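Protein chains in written order, with this note's numbering: chain A, 337 to 640; chain B, 80 to 311.
Think of the CB as a built atom: it goes at the ideal place given N, C-alpha and C, for glycine as much as any other residue.
Everything numeric in this text was worked out from a predicted model, so none of it was measured.
Worksheet: the structure to be examined is printed underneath.
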Ligand code: SF4
Ligand code: SF4
């Protein structure tokens, strides 16, 4: 699949913002951390900016953005619609939670808990947009939402660690542990995702053309002289060297460096978070670039 | 009702008449508006097509043959392109035809990803996704003579490789053709239950080909080799 930069940015940025929101609200609702008014404003604003920036980027890729309001209609069947509805629920609630004094102290804890659940569901529904697509074998697995959730909590966790240190306090052991866990879960789920994708059991050109008994099928002519919508959208080739660079970037910048910094130099949490986001951009770009749609079979691929 | 097409891969000659007739009829149709052409007279002409014909070679020489495969929307029974659509622009009619309401589509492209067959294309001029309508504005038009109430592609096909009808009716021509010729669907494993069927190419009698006998004598090989050396 052709990686659309707007979508890559959207999933990473809003994922990090939502991860931050989940951990921030949960920690405070469970009374594990007491945020100062300043921290609450700062953290909330950060989360909201990351989510809104992501959402704006995602509307960039609509061909008719003036009809975006229609996206709330098919909640019953469409994950994209669910995502849209959850997004407009989460944002105002996040503002309510962030601005000190807008809701009473007792309500604040409950609001935080609701917000955490909705934010988790929002990350999940973003991932399910991709995981529910049967023509893309690599995506059609529960590992996809697992990677998305883990990555969001890992990047959001690093931002939360940074937030706790804003007023000089040292990072909470529990929070550091949860963040490390999220980093490990990102690593393991992505590893499993790649191992599953490497198995050669996708549909073949024989399945695609319904000519199951043909020993060999070769595309002679795709019927068009130049690129088409289909070749632009579904046929994307990346150089092997490119894949390797981005994979290394994911492992080093996305996971190992942040984990190392978190353990040895927790005061560098912001650096760790930025590095993690960089690695996740690489991962998300590969997520699209390495996915193979069944339309490729009609353009000569022998197996997806 | 379950309306769709039967396409005969045995007789299709790959002339693209169906694709051109489709482009012509639907370019003028109120259902999806004009179908954009990008740079029609430029260096790299491209555009929106509902029906694309591709050409394949099956088998290995001398048992090989060319198979022409026209593809358009299969009007699937389990059409994920409809369920993923967030705006409700994509819908399936009572008679099985899957359509996109051009007034509601926001061009998010998700349905094009959900279709395994590449049957949907984004028209960047209108900012909406367009697809085969099975000529919904022809087949029900009572002003047309009955024999003309068929999709433009079916009427245009010079090889009679395309047939339109109701698959729910076991007596219909399409149902009978499928039963007779063992019509198949594409990518049935994905579970979309496509309605359109393809009639597989018949196996032609084996062609006899001239082969160089393996048992060419040693003398023969040596003289051939010497001849080659001398030519150089
Ligand atoms: S062929 Fe594609 S566009 Fe047509 S109904 Fe099936 S999934 Fe939808
Ligand atoms: S591109 Fe249009 S028809 Fe397709 S899913 Fe989006 S809104 Fe629906």
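Exercise. For residue 83 of chain B, which residues does DSSP report across the bridge?
Worked result: Working through the second chain from its first residue, we reach residue 83 of chain B at position 4. DSSP lists B:244 as partners of residue 83 of chain B.
Exercise. Using a beta-carbon distance below 8 Å, is residue 519 of chain A in contact with chain B?
Worked result: Stepping through the first chain from its first residue, residue 519 of chain A is reached at position 183. So, not an interface residue.
Exercise. Between residue 634 of chain A and chain B, is there a C-beta pair that is closer than 8 Å?
Worked result: Indexing the first chain from 1 puts residue 634 of chain A at position 298. By this cut-off, residue 634 of chain A is an interface position.
For this session: Could you say if the stretch 488 to 498 of chain A and the stretch 597 to 607 of chain A meet the contact criterion of at least three C-beta pairs nearer than 8 Å?
Result: yes
For this session: Return the Cβ separation of residue 633 of chain A and residue 558 of chain A in integer angstroms, given the expectation that the two are a contact with Cβ distance under 8 Å.
Result: Position 297 of the first chain, counted from the start, is the residue given in the question as residue 633 of chain A. Position 222 of the first chain, counted from the start, is the residue given in the question as residue 558 of chain A. Actually they do not touch by this definition, with Cβ atoms about 12 Å apart.
Exercise. Which word fits residue 523 of chain A, buried or exposed, when buried means at least 16 other C-beta atoms lie within 10 angstroms of its C-beta?
Worked result: As a first step, residue 523 of chain A must be located in the first chain, where it is residue number 187. With 16 or more other Cβ atoms within 10 Å, it is buried.
Exercise. Which class does residue 344 of chain A belong to by DSSP, given the choice of helix, strand or coil?
Worked result: Sequence index remark: in the first chain, residue 344 of chain A carries index 8 (1-based). Note: residue 344 of chain A maps to helix in three-state DSSP.
Exercise. What number of angstroms, rounded off, separates the C-alpha of residue 441 of chain A from the C-alpha of residue 477 of chain A?
Worked result: Position 105 of the first chain, counted from the first residue, corresponds to residue 441 of chain A. Position 141 of the first chain, counted from the first residue, corresponds to residue 477 of chain A. Approximately 41 Å between the Cα atoms of the pair.
Problem set entry | Span of the alpha helix (DSSP H) around residue 107 of chain B | Translated into positions along the second chain, residue 107 of chain B becomes position 28. No alpha helix (DSSP H) holds residue 107 of chain B; DSSP gives it neither H nor E.
Exercise. Say the cut is 7 Å; is the CB of residue 155 of chain B nearer than that to a heavy atom of ligand 1?
Worked result: Taking the first residue of the second chain as position 1, residue 155 of chain B is located at position 76. Within the cutoff, so yes.
Problem set entry | CB contact check: residue 390 of chain A to chain B, cutoff 8 Å | Your numbering for residue 390 of chain A matches position 54 in the first chain. It does not; no Cβ of chain B falls within 8 Å.
Problem set entry | Exposed unless 16 or more other CB atoms sit within 10 angstroms - verdict on residue 243 of chain B | Residue mapping note: residue 243 of chain B aligns to position 164 of the second chain, counting from 1. Classification for residue 243 of chain B: buried.
Exercise. Between residue 394 of chain A and ligand 2, is the CB less than 7 Å from at least one heavy atom?
Worked result: Within the first chain, the letter at position 58 stands for residue 394 of chain A. No - ligand 2 has no heavy atom lying nearer than 7 Å to the Cβ of residue 394 of chain A.
Problem set entry | residue 145 of chain B - partner residues in DSSP beta bridges | Indexing the second chain from 1 puts residue 145 of chain B at position 66. According to DSSP, residue 145 of chain B bridges with B:136.
For this session: Give the single residue among A:546, A:542 and A:414 whose Cα lies nearest to the Cα of residue 552 of chain A.
Result: Taking the first residue of the first chain as position 1, residue 552 of chain A is located at position 216. Considering only alpha carbons, the answer is A:542.
Exercise. Just how far apart, CA to CA, sit residue 211 of chain B and residue 460 of chain A?
Worked result: Here residue 211 of chain B refers to the residue found at position 132 when the second chain is read from its first residue. Here residue 460 of chain A refers to the residue found at position 124 when the first chain is read from its first residue. Approximately 33 Å, taken between the alpha carbons.
For this session: Would you give the residue range spanned by the beta strand (DSSP E) that residue 462 of chain A belongs to?
Result: Here residue 462 of chain A is taken as the residue at index 126 of the first chain, counted from 1. That residue, residue 462 of chain A, is in no beta strand (DSSP E); its alpha helix (DSSP H) goes 441 to 467.
For this session: With 8 Å as the threshold, decide whether the Cβ of residue 299 of chain B is near any Cβ in chain A.
Result: Position 220 of the second chain holds residue 299 of chain B. Output row for residue 299 of chain B: interface = no.
Exercise. Applying the criterion that 16 or more other CB atoms from any shown protein chain within 10 Å of the CB defines a buried residue, is residue 105 of chain B buried or exposed?
Worked result: As a working note, residue 105 of chain B is residue 26 in the second chain. Buried: at least 16 other Cβ atoms inside 10 Å.
Exercise. Along chain A, in chain order, which residues have C-beta atoms closer than 7 Å to that of residue 265 of chain B?
Worked result: As a working mapping, residue 265 of chain B is identified with position 186 in the second chain. Simply 544, 545 and 546.
Exercise. For residue 185 of chain B and chain A, any beta-carbon pair shorter than 8 Å?
Worked result: Taking the second chain and counting its residues from 1, one reaches residue 185 of chain B at position 106. Taking Cβ atoms only, chain A reaches closer than 8 Å to residue 185 of chain B, which makes this a yes.
Exercise. Who are the Cβ neighbours of residue 593 of chain A in its own chain at under 6 Å, not counting the five residues just before and after it?
Worked result: As a working mapping, residue 593 of chain A is identified with position 257 in the first chain. Here the set comprises 611.
For this session: May I ask which residues mark the beginning and end of the alpha helix (DSSP H) holding residue 529 of chain A?
Result: The sequence position of residue 529 of chain A within the first chain is 193, counting from 1. Segment 509 to 534, the alpha helix (DSSP H) holding residue 529 of chain A.
Exercise. Whose Cβ in chain B lies nearer than 7 Å to the Cβ of residue 618 of chain A?
Worked result: Within the first chain, the letter at position 282 stands for residue 618 of chain A. What residue 618 of chain A touches in chain B: nothing, since even the nearest Cβ is about 22 Å away.
For this session: Take residue 458 of chain A and list the residues in its own chain whose beta-carbon comes closer than 7 Å to its own, dropping the five residues that flank it on each side.
Result: The residue you call residue 458 of chain A lines up with position 122 of the first chain. Closer than 7 Å at Cβ, skipping near neighbours: 354, 419, 422, 423 and 426.
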